[in-house]
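Number of protein chains: 2
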Amino acid sequence: MELSERKKKILQCVVDDYIETAVPVSSKSLTERHLPNISSATVRNELSALEELGYLTQLHTSSGRVPSAEAYKLYVSDLMIKDKLSEKEIDYIKKIFLEKADNLEEVIKNTTKVISELTSYTSVGVATPDVDEKINIIKFFRYKIDTALVLIVTERRLLKDNYISVPEGMTDEQLSEAESVLSRLLSGKSFEEVCNIKDDINDEFSGYKNIFLNVVEALKVYMTVKESDVVMEGQDKILDNPEYADISKIKNFLSVVTKKDKVMTLLAGDGRDIKINVKIGTDGYEEIPKDCSLVTATYSANGTKIGTYGVIGPIRMDYQKVVAVLENVGKILESILTNR
Amino acid sequence: MELSERKKKILQCVVDDYIETAVPVSSKSLTERHLPNISSATVRNELSALEELGYLTQLHTSSGRVPSAEAYKLYVSDLMIKDKLSEKEIDYIKKIFLEKADNLEEVIKNTTKVISELTSYTSVGVATPDVDEKINIIKFFRYKIDTALVLIVTERRLLKDNYISVPEGMTDEQLSEAESVLSRLLSGKSFEEVCNIKDDINDEFSGYKNIFLNVVEALKVYMTVKESDVVMEGQDKILDNPEYADISKIKNFLSVVTKKDKVMTLLAGDGRDIKINVKIGTDGYEEIPKDCSLVTATYSANGTKIGTYGVIGPIRMDYQKVVAVLENVGKILESILTNR
DNA sequence: GTTAGCACTCAAAACGATTGACTGCTAATT
DNA sequence: AATTAGCAGTCAATCGTTTTGAGTGCTAAC
Chain A
1 MELSERKKKI
11 LQCVVDDYIE
21 TAVPVSSKSL
31 TERHLPNISS
41 ATVRNELSAL
51 EELGYLTQLH
61 TSSGRVPSAE
71 AYKLYVSDLM
81 IKDKLSEKEI
91 DYIKKIFLEK
101 ADNLEEVIKN
111 TTKVISELTS
121 YTSVGVATPD
131 VDEKINIIKF
141 FRYKIDTALV
151 LIVTERRLLK
161 DNYISVPEGM
171 TDEQLSEAES
181 VLSRLLSGKS
191 FEEVCNIKDD
201 INDEFSGYKN
211 IFLNVVEALK
221 VYMTVKESDV
231 VMEGQDKILD
241 NPEYADISKI
251 KNFLSVVTKK
261 DKVMTLLAGD
271 GRDIKINVKI
281 GTDGYEEIPK
291 DCSLVTATYS
301 ANGTKIGTYG
311 VIGPIRMDYQ
321 KVVAVLENVG
331 KILESILTNR
Chain B
341 MELSERKKKI
351 LQCVVDDYIE
361 TAVPVSSKSL
371 TERHLPNISS
381 ATVRNELSAL
391 EELGYLTQLH
401 TSSGRVPSAE
411 AYKLYVSDLM
421 IKDKLSEKEI
431 DYIKKIFLEK
441 ADNLEEVIKN
451 TTKVISELTS
461 YTSVGVATPD
471 VDEKINIIKF
481 FRYKIDTALV
491 LIVTERRLLK
501 DNYISVPEGM
511 TDEQLSEAES
521 VLSRLLSGKS
531 FEEVCNIKDD
541 INDEFSGYKN
551 IFLNVVEALK
561 VYMTVKESDV
571 VMEGQDKILD
581 NPEYADISKI
591 KNFLSVVTKK
601 DKVMTLLAGD
611 GRDIKINVKI
621 GTDGYEEIPK
631 DCSLVTATYS
641 ANGTKIGTYG
651 VIGPIRMDYQ
661 KVVAVLENVG
671 KILESILTNR
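In order, the protein sequences belong to chains A and B. Note that our numbering has the first sequence beginning at 1, numbered continuously upward. Note that our numbering has the second sequence beginning at 341, numbered continuously upward.
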């Protein structure tokens with residue numbers, strides 16, 4: 001059922017005020033601050049109707065009203081007036097990204113830093129591995145008798161965090177032979193394609209099957225989300241919100257937001273094509289603390305998803321600001337990464 | 341001035357009890373729990389003498405006594421009965437370290453994890469770069485027209501996080517020539533020695549001076565403590581302590597302990613040869629939150645310092661446990677790293 | 001040097017009364 | 001039929017008072 005325009009307007013004002021003040025909002029304050037042309041009694045009637053519909057709740061009979069999870073969702077999707085960032089804020093984002101854009105990890109870290117600074121909430125993010133990333137060069141560097149470092153150059157970056165074990169008795173010549181065979185076989189292929197290569201594809205390569213399998217293992221590690229792909233910033237920001245005056249709430253919040261594995265599950269499985277995503281803890285998401293809201297944006301460059309970043313904070317969150325920041329950061333980040 | 345045996349005993353009991361209960365300790369509870377042979381009035385006299393000496397304080401006339409920073413220092417150095425870890429706990433430490441000991445970064449991360457788990461406090465640590473580390477092999481891998489990855493194999497590890505920019509027009513042959521010249525020049529030398537090499541040391545090398553200077557820059561980065569050398573665990577553990585019921589205290593604590601740069605200054609400049617080090621916030625250490633105590637241990641292997649690890653928590657901290665854990669972790673860690 | 005005993009102190013808990021910001025409802029008004 | 005004024009009723013929050021009891025310090029006796 002569609003709400004009347006007036007109900008929408010009133011609901012929007014309630015959410016606005018509650019986000020601003022953290023205090024249950026009363027009919028009187030609504031008429032005084034936003035609706036000078038109707039009486040508080042009328043507003044009371046509307047409020048009680050909105051309560052009936054599940055958008056508002058009351059702590060007790062004589063208290064003001066507080067928005068429900070339903071109301072916040074409607075607010076973000078329909079009611080909220082979109083915020084614009086100031087020149088200064090946009091310049092700040094640009095500055096941060098441009099001063100250190102060489103290293104992808106730095107960029108990721110900076111993304112959460114900027115988001116947390118500008119929103120004043122805890123920010124979380126995860127860089128999504130790109131299974132379509134294509135291999136250009138593959139190189140082995142033996143540095144111990146039985147271990148070699150695998151260097152993989154792709155279109156976008158240099159992967160250098162995996163090791164393979166070298167079979168006993170393999171000479172340096174054989175290893176560099178393996179290198180050139182594999183290079184020829186794999187270059188131009190995406191990670192996913194490499195992982196799907198069937199055994200019996202190529203005669204000349206058959207001698208290096210073990211090495212090949214090791215490399216596939218290494219690629220698989222790159223293709224999965226790992227704790228090292230997760231970043232978090234500003235965990236202490238939650239304490240600035242008056243509803244977090246309760247130690248047990250803080251503890252609950254921190255026990256999620258200081259642990260990379262938990263943040264990883266928090267951000268896992270976010271829809272691919274949805275840009276801004278709002279999840280509210282009371283709404284049945286197991287991983288999100290009950291009194292929290294998680295707002296995320298999924299960023300892409302050159303048509304592939306590069307990561308999910310967002311903000312976790314009280315349900316009563318400044319969604320206008322958060323959405324504006326996430327969108328602007330996304331725009332700038334995507335433009336930087338697309339230009340490569 | 342030396343305390344009488346009885347004063348020492350009483351002070352020890354006060355600290356023990358206060359650490360256990362977090363409640364100011366009274367003369368009555370002391371006689372009941374620990375000193376059945378003297379009357380509470382006698383204890384009261386002794387307590388008031390200890391207060392005179394600066395070891396105890398009272399919140400108000402009719403409250404029990406609380407240890408001062410002075411008292412804790414004496415407690416740790418003199419009064420405390422050293423704790424032993426249980427078999428189970430020692431096995432736990434061994435298990436953690438043995439299951440993933442291949443990668444130095446993992447080991448470092450595990451060190452703080454174990455310390456935090458076993459003590460139930462926030463743990464912090466920093467891996468100290470070793471300026472005496474000796475270079476075995478140096479290798480360049482050009483992966484962009486103007487950039488090469490520098491791989492440096494030392495006695496202990498493979499460094500692979502630095503890039504040098506390659507002069508325009510330099511061919512692959514010239515780069516590999518530079519590689520072998522530098523390899524000959526640098527292998528067997530320590531980082532520090534390399535940084536002190538004077539310009540005019542070698543004719544054959546003079547053509548690659550720029551590359552050499554780039555490599556020195558890279559080594560200097562390895563030789564300084566960086567944020568990536570800092571690890572932290574269990575930042576939420578502080579909330580289990582009843583004296584942290586106050587949001588502003590929590591905020592203060594978290595604002596230090598969620599930021600790598602701050603933890604870095606916290607751990608900076610710890611004496612080289614001191615094993616266990618106790619610093620109490622009220623004692624004039626700028627970086628430590630006023631109501632906190634920082635207990636650190638400095639670990640070495642093969643005669644060189646490998647890092648400083650410890651625990652940060654309330655002044656009223658279980659020093660017996662903490663010291664025991666730090667010592668045991670140290671023993672096991674040092675034995676693992678020395679065996680390399 | 002110890003100790004029993006008592007007066008005194010003071011934070012914390014318990015209690016009760018008051019306040020005031022709300023709502024819901026009813027009856028009058030538009 | 002929708003709006004509104006007016007009033008009774010609700011309830012958390014605040015404030016002041018009292019009570020309680022754990023604790024000390026001091027004195028006089030042992």
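All residues carry an ideal CB built from backbone N, CA and C; glycine is no exception. If you're wondering where the values come from, they're calculated on a predicted model, not measured in any experiment.
| said: For the alpha helix (DSSP H) containing residue 6 (chain A), name the first residue and the last one. | reply: 5 to 21
| task | Just the chain B side, please: which residues come within less than 9 angstroms of residue 151 (chain A) by C-beta, in chain order? | result | 481, 483, 489, 491, 500
| query | In angstroms, rounded to a whole number, what distance separates the CA positions of residue 444 (chain B) and residue 647 (chain B)? | reply | 12 angstroms
| query | For residue 125 (chain A), which of A:135, A:249, A:226, A:157 has the nearest alpha-carbon? | reply | A:226
| request: Identify whether residue 313 (chain A) lies in helix, strand or coil by the three-state DSSP scheme. | output: strand
| said: Threshold first: 3 residues or longer. Then list the beta strand (DSSP E) segments lying entirely within the stretch 61 to 96 of chain A, N to C. | reply: 65 to 67
| request: Output, in chain order, the set of chain B residues within a Cβ distance shorter than 7 angstroms of residue 62 (chain A). | output: Result: empty, since nearest Cβ-Cβ is about 28 angstroms, beyond 7 angstroms.
| residue 477 (chain B) by DSSP, collapsed to three states: which one? | strand
| query | Since residue 670 (chain B) is in the alpha helix (DSSP H), which residue starts that stretch and which ends it? | reply | 659 to 678
| request: Could you say if the stretch 547 to 560 of chain B and the stretch 514 to 534 of chain B meet the contact criterion of at least three C-beta pairs nearer than 8 angstroms? | output: yes
| said: Judging by CA-CA distance, which residue of B:422, B:421, B:363, B:416 is the nearest neighbour of residue 404 (chain B)? | reply: B:363
| request: Enumerate in chain order the residues of its own chain whose CB-to-CB distance from residue 285 (chain A) is below 6 angstroms, with the five nearest sequence positions on each side excluded. | output: 279
| Which of helix, strand or coil DSSP assigns to residue 524 (chain B) | helix
| field | Any C-beta of chain B under 8 angstroms from that of residue 261 (chain A) | value | no
| said: Suppose the cutoff is 8 angstroms on Cβ atoms and the five residues either side in sequence are ignored; what does the same chain contact list for residue 176 (chain A) look like? | reply: 140
| Burial state of residue 213 (chain A) (16 or more Cβ within 10 Å) | exposed
| task | Give the range of the alpha helix (DSSP H) segment to which residue 264 (chain A) is assigned. | result | 260 to 267
| Near residue 264 (chain A), which residues of its chain fall below 7 angstroms by C-beta distance, leaving aside the five closest residues on each side in sequence? | 126, 225, 227, 230
| query | Counting Cβ pairs, one atom from each stretch, are 3 or more of them under 8 angstroms apart for the stretch 639 to 653 of chain B and the stretch 403 to 421 of chain B? | reply | no
| task | Out of A:108, A:171, A:72, state which residue places its alpha-carbon closest to the alpha-carbon of residue 129 (chain A). | result | A:108
| task | Report all residues from its chain with a CB closer than 7 angstroms to the CB of residue 249 (chain A); omit the five preceding and five following residues, and keep chain order. | result | 291
| message | Between residue 677 (chain B) and chain A, is the shortest Cβ-Cβ distance under 8 angstroms, so that the two count as touching? | response | no
| query | Since residue 474 (chain B) and residue 530 (chain B) are thought to touch, with beta carbons under 8 angstroms apart, how far apart are those beta carbons, to the nearest angstrom? | reply | 5 angstroms
| Roughly how many angstroms lie between the CA atoms of residue 627 (chain B) and residue 602 (chain B), to the nearest whole one? | 8 angstroms
| Run through DSSP, which three-state label would residue 633 (chain B) get? | strand
| query | Can you name the start and end residues of the alpha helix (DSSP H) that residue 558 (chain B) belongs to? | reply | 549 to 563
| said: Let me check understanding here. Comparing Cα to Cα, which of B:355, B:390, B:633 lies closest to residue 342 (chain B)? | reply: B:390
| query | In angstroms, rounded to a whole number, what distance separates the CA positions of residue 514 (chain B) and residue 256 (chain A)? | reply | 52 angstroms
| Neighbour list for residue 164 (chain A) in chain B, Cβ cutoff strictly below 7 angstroms | Here the premise fails: no neighbours, minimum Cβ distance about 13 angstroms.
| task | Using a Cβ cut-off of 8 angstroms (strictly closer), state whether residue 297 (chain A) contacts chain B. | result | no
| task | Report yes or no: do three or more beta-carbon pairs, one from the stretch 313 to 328 of chain A and one from the stretch 341 to 358 of chain B, lie closer than 8 angstroms? | result | no
| query | Taking Cβ positions only, does residue 486 (chain B) come closer than 8 angstroms to chain A? | reply | no
| said: In this structure, how does DSSP classify residue 190 (chain A) when only helix, strand and coil are distinguished? | reply: strand
| message | From the DSSP secondary-structure annotation, give me the bridge partner or partners of residue 164 (chain A). | response | A:148
| query | Are the C-beta of residue 381 (chain B) and some C-beta of chain A separated by less than 8 angstroms? | reply | no
| message | Within 8 angstroms, do at least three Cβ pairs link the stretch 576 to 593 of chain B to the stretch 230 to 241 of chain A? | response | yes
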